[in-house]
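Enquirer:
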Ligand code: GLY
Ligand code: MN
Ligand code: MN
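Numbering (the numbering used here), first residue to last: 284 to 720.
1. Using three-state DSSP, classify residue 311 as helix, strand or coil.
2. Is residue 474 helix, strand or coil when you go by DSSP?
3. Just curious, the beta strand (DSSP E) that residue 445 is in, first and last residue?
4. Give the residues whose C-beta lies closer than 6 Å to at least one heavy atom of ligand 3, in chain order.
5. Does the Cβ of residue 641 lie closer than 8 Å to at least one heavy atom of ligand 1?
6. Between the Cα of residue 536 and those of 474, 599, 566, spot the shortest distance and give me the residue it belongs to.
7. Give the straight-line distance between the Cα atoms of residue 287 and residue 558, rounded to the nearest whole angstrom.
8. From this set, 512, 709, 579, which residue's C-alpha is nearest residue 642's C-alpha?
9. Could you tell me if the beta carbon of residue 526 falls within a distance shorter than 8 Å of some heavy atom in ligand 1?
10. Out of curiosity, what's the CA-to-CA distance linking residue 627 and residue 543?
11. Could you tell me how far apart the beta carbons of residue 617 and residue 608 are, in whole angstroms, since I believe they sit closer than 8 Å?
12. May I ask you to report which of helix, strand or coil DSSP gives residue 484?
13. Is it buried or exposed, residue 356, if we count other Cβ atoms within 10 angstroms and call 16 or more buried?
14. So, with DSSP's three-state summary, where would you put residue 514?
15. Can you check DSSP and say which residues form a bridge with residue 686?
16. Where residue 679 and residue 612 are concerned, what is the direct C-alpha to C-alpha distance, given to the nearest angstrom?
17. Once the 5 residues before and after residue 649 are set aside, which same chain residues still bring their CB inside 7 Å of it?
18. Going along the chain, which residues of its own chain have a beta-carbon closer than 8 Å to the beta-carbon of residue 244, five neighbours each way excluded?
19. For the structure I just gave you, are there three or more beta carbon pairs, one from the region 342-362 and one from the region 373-393, closer than 8 Å?
This is the structure:
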């Protein structure tokens, strides 16, 4: 594990410092999800739960009790079980939670109904992210009601419920040195995977075969899972934002858009490259590609401390609109076209999102109604694109069905920014050279 025990403890301490006195935070783990009959999806821990503990087991609950003399960090988890462990692999168990994960105390998950009401009693405020897990929401209400039922004996039920998200996600937004090391490593594996498939691509291959090349590189580098389903879209499939069928044959003369990133120790990378199936851009493809690249570089220029969240997006909109006018896909004055969002049929998403434990990571984009100001330690993607619908009769035929996106992972630094995924080639010249090699 690359994040140390001390760092997980520091995260809990930072969160508890933001919590009110006499409060309690309750964070349930992710659940195992059934894929088919007796088969489960690979388990992926809830990002908030992982961020605060590093624990990778289902059926667990974290409890934080700032200021509690008999222990501030409690864990409920599965008990050790020789037979279950023989079939399904090891469990940490309550003792292990104290020994390896810094819990002050740990209990079998089966005892939670008996123990949790006692921990809630007398705490003014409960921090809990309501509404995500109906079953667990119900359990919390049942515990509170149990205390209400004992008010005549002097028990005091909690008076306030507060969403934990805002406070916790504010902490997650700023990446530590250890997190950045991991994210750079994920970025490196991902860029290697993109290079590999650029080199292996030939007309007549299937999209899923390029996906296999990505997965090979991820797994061989110790990142078993993609951070999200890989998108491999040849030709007009590139114009479907979340295309994941990856089932079509790649045709000579088409572009292919690949949006794929590995997940390493739960940290995501998220990279898109678009390249010609046969290794050479056509004139029309090159013109649109160079435009998207200019927009991406202009947007990256705007990623620096003091600029606000929307400046990179605004930069991409301006460059793309100017270019669409120059190439004849839009007609009119650039200022008016920007104002009326005439680019939206061709550029319908935002320039990026926060990146971290989740691919669309947590953190507010606005603060008090204003776009958030960028600060060192934040990581975001920069990913403008152009997608010309195949049935758009308002543009010349040569543009139709072309979809292009270029996406990098960018860290805000003291001086400006660091493109963590710069390794993957993105000028037409670099791409053609790599594919010819
Ligand atoms: N791969 C999802 C995204 O680029 O946001
Ligand atoms: Mn992406
Ligand atoms: Mn993205």
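We put the CB at the ideal spot given by N, CA and C, even for glycine.
Expert: According to the data block:
1. strand
2. helix
3. 443-445
4. 553, 636, 664, 666, 690
5. no
6. 566
7. 40 Å
8. 512
9. no
10. 24 Å
11. 6 Å
12. coil
13. buried
14. strand
15. 670
16. 8 Å
17. 655
18. No information on residue 244 is available, as it lies outside the stretch 284 to 720 that the chain covers here.
19. yes
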